[in-house]
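Student: Before I ask anything, here is the structure I am working with.
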Amino acid sequence: MKIRAITLFQTVSWPFDKNFITNASHFLKSAKKGLEKSGYEVQSLRLATQPFPQIVDTTNLAETQNFVQYLEKQLTNAGIDYISIGPVLADNPDSDLTPIQIIPDIIEHTTKVFASVLVSSVLNGINLTAIQETANVIHKIGQNTSDGFGNLQFAMLANVAPRCPFFPAAYQQGDRSSFGFALEGADLAVQVFEQAKTLKEAGDNLVDTLNKHAVQLRRVVDDLVDEHLLPFAGVDCSLAPFPETQKSIAQAIENLGVSKFGGYGTLFATAFLTNCLKRVNVPHVGYKGVMYPVLEDNILAQRGIEGAYTIQDLLLYSAVCGIGVDTVPIAGDTSPEQIASHLLDVATLAISLDKPLSVRLLPVPNLKEGDLTSYDFEYFAKSKVFSLKEATASEIFKHNSFVKF
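Counting in the numbering used here, the sequence shown runs from 1 upward without gaps.
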């Protein structure tokens, strides 16, 4: 198991005091050192701010770009790998949606800055207009960045609370800084499930293994809290995969007894694994469930090439797992209406089940359904291009702007 991210949640102002960067870097490096001394490899140091429209005047595009690019440069120089500037909070009927329109420009001119749009919450409802604007952002980023890769930095959020340590969902709320850990632990599930003879043995052994890690992590956390006087937000135990078979969450599902990921039993195994993660004795934060990021898992990507599942299947699994529909390459000619219709269904599922879900779709220019991707990125495996249904919810969007269940 590795630590995918140490995420510091920090309220910032603009123009900002450079001391904040020095302090943030000092804390994150201290946290990394503590984890490494305990035997954990840390893959990235991250900082998440409050929603960017609360920091800078987004009606001034030049000033917004100045803020974002300066922040990226300064944090990168300080050894911080990635920055989330938070979501446009659009889950209210009177939300200002104009900042959504500048996100493609932000993404196009940065490589380490992540952003998002929160389109729904149980408290307020679903903003259909915001969903349409979000779909336009995904479509535009797909057209304006190489192979649509910029959409890695952008997500639609549905019912996602602050202080999720995974990106692009991470954002700060309130004045008090805090920190959290995101795990890359699919390898634990692969190993434990491969050795277990029964479901009970598999579940109990995985929980026991994760609880042993929880004890070690708690010692590091306690030292950091005492030294830096920062509260701990929690751990997201969602077990992010890596594109190697022994680190594949799809391989873990197959080790439970599913003959091929996407076949019958996948939903059951997903729910079973999610239940195991909820039993781990840590302060939970974030998605708290199984992740199926298609491009980040080589077995998941391979099963996609084989046609073992569809995007609609991933939506079904989201009912009992964590993240939603993540890092899925789709045909370059997919329309904004198709994208918006898919986003609507994910947002509806999140509200109906009161769980956090998100979507990262990557429209790939000049590729169609069934073509293979060719991203040069260590966290991506080769996968096929998927398609969204042609029948859309355009009439729903045409006559409605907001709905409260």
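All residues carry an ideal CB built from backbone N, CA and C; glycine is no exception.
By the DSSP assignment, the alpha helix (DSSP H) with Val364 in it spans what residues?
Tutor: Here Val364 belongs to no alpha helix (DSSP H); instead the beta strand (DSSP E) covers 357-364.
Student: Would you mind stating whether Ile305 and Thr245 have Cβ atoms separated by less than 8 Å?
Tutor: It is not a contact, given that the beta carbons lie outside the stated cut-off.
Student: Return the first residue and the last residue of the alpha helix (DSSP H) that Tyr406 is part of.
Tutor: Residue 406 lies beyond the range of the chain shown here (1 to 405); nothing can be said about it.
Student: Once the 5 residues before and after Asp81 are set aside, which same chain residues still bring their CB inside 8 Å of it?
Tutor: Excluding residues within five positions, the ones whose Cβ falls inside 8 Å are Ser44, Leu45, Arg46, Lys112.
Student: Please name the residue, chosen from Gly174, Leu316, Val285, that lies closest to Tyr264 on a Cα-to-Cα basis.
Tutor: The option with the nearest alpha carbon to Tyr264 is Leu316.
Student: For Asp326, report the span of its beta strand (DSSP E) as first-last.
Tutor: Where Asp326 is concerned, the enclosing beta strand (DSSP E) stretches over 324-331.
Student: Could you tell me if Val56 is buried or exposed, where buried requires 16 or more neighbouring beta carbons within 10 angstroms of its beta carbon?
Tutor: Buried: at least 16 other Cβ atoms inside 10 Å.
Student: Which residue comes first and which comes last in the beta strand (DSSP E) that contains Tyr82?
Tutor: Where Tyr82 is concerned, the enclosing beta strand (DSSP E) stretches over 82-89.
Student: Threshold first: 4 residues or longer. Then list the alpha helix (DSSP H) segments lying entirely within the region 117-153, N to C.
Tutor: Listed in chain order, the complete alpha helix (DSSP H) runs (minimum 4 residues) inside the region 117-153 are 128-144.
Student: Is the distance from the Cβ of Gly185 to the Cβ of Pro165 below 8 Å?
Tutor: No. Outside cutoff.
Student: Look at the alpha carbon of Glu72 and the alpha carbon of Ile107, and state the distance between them as a whole number of angstroms.
Tutor: About 12 Å.
Student: On a Cα-Cα basis, can you pick out the residue from Gln69, Ala130, Ile131, Gly148 that is closest to His109?
Tutor: The shortest C-alpha separation from His109 is found at Gln69.
Student: Should the region 371-385 be regarded as contacting the region 157-174, the criterion being three or more beta carbon pairs within less than 8 Å?
Tutor: These segments do not touch.
Student: What whole-angstrom Cβ distance do Ala347 and Ile126 have, given they're in contact under 8 Å?
Tutor: The pair is a contact, with the Cβ atoms about 5 Å apart (cut-off 8 Å).
Student: Identify whether Ala155 lies in helix, strand or coil by the three-state DSSP scheme.
Tutor: In this structure, Ala155 counts as strand in the three-state DSSP scheme.
Student: Out of curiosity, what's the CA-to-CA distance linking Ser38 and Trp14?
Tutor: The straight-line gap from Cα to Cα measures roughly 37 Å.
Student: By a C-beta neighbour count over all protein chains shown, 10 Å radius and 16 as the cutoff for buried, is Arg414 buried or exposed?
Tutor: This structure leaves residue 414 out entirely; the chain is present only between 1 and 405.
Student: Take the Cβ of Asn77 as the centre, count every other Cβ of all protein chains shown within 10 Å, and call the residue buried at 16 or more, exposed below.
Tutor: It counts as exposed.
Student: Does the beta-carbon distance from Asp223 to Gly370 come in below 8 Å?
Tutor: Not a contact, by the Cβ cut-off of 8 Å.
Student: Could you tell me the boundaries of the beta strand (DSSP E) in which Ile3 lies?
Tutor: Start and end: 2-9.
Student: Distance, Cα to Cα, Gly262 vs Leu343?
Tutor: When rounded, the distance between both Cα atoms is 21 Å.
Student: Could you tell me which residues DSSP puts in a beta bridge with Ser394?
Tutor: DSSP lists no partner for Ser394.
Student: With H, G and I counted as helix, E and B as strand and the rest as coil, what does DSSP make of Ser401?
Tutor: DSSP places Ser401 in coil when its eight states are reduced to three.
Student: With a threshold of 16 other CB atoms inside 10 Å of the CB of Gly174, please say whether the residue is buried or exposed.
Tutor: It is exposed - the Cβ of Gly174 has fewer than 16 other Cβ atoms within 10 Å.
Student: Taking the alpha carbon of His26 as the reference point, which residue from Arg4, Tyr40, Leu75 has its own alpha carbon closest?
Tutor: Out of Arg4, Tyr40, Leu75, Leu75 has the C-alpha closest to the C-alpha of His26.
Student: Using the Cβ count rule (16 or more neighbours within 10 Å means buried), how would you classify Gln172?
Tutor: Buried, because 16 or more other Cβ atoms sit within 10 Å of the Cβ of Gln172.
Student: Roughly how many angstroms lie between the CA atoms of Gln50 and Ile311, to the nearest whole one?
Tutor: Cα to Cα, Gln50 sits roughly 31 Å from Ile311.
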